[in-house]
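Peer 1:
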Amino acid sequence: MQQTIGIDIAKDTLDAYRLGDGHRLNVDNNREGHRLLLKWIGKCQKILI
6 MQQTIGIDIA
16 KDTLDAYRLG
26 DGHRLNVDNN
36 REGHRLLLKW
46 IGKCQKILI
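Heads up: the sequence shown is residues 6 to 54, going by our numbering.
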């Protein structure tokens, strides 16, 4: 099943929402936040961003 992920990009934060299961993620818009976001996205098999 394809997962759809929306990401609101702000200067200081990234807010992500995964449609279908409703999971949300809020991280800082910095290197560590990007790493956490990619780790979170990596759990999906088919992705549409």
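Cβ atoms here follow ideal geometry from the backbone N, Cα and C, with glycine treated the same way.
(1) Less than 8 Å between the beta carbons of K16 and N34, yes or no?
(2) Return the bridge partner residues of I10 from the DSSP annotation.
(3) Let me check one thing: in DSSP terms, what residues is L41 bridge-paired to?
(4) Which residues mark the beginning and the end of the beta strand (DSSP E) in which D17 is found?
(5) Is it right to say L42 is buried, meaning 16 or more other beta carbons lie within 10 angstroms of its own, or is it exposed?
Peer 2: The answer reads as follows:
(1) yes
(2) R23
(3) None, per the DSSP bridge assignment.
(4) Counting along the chain, D17 falls outside any beta strand (DSSP E), and DSSP gives it neither H nor E.
(5) buried
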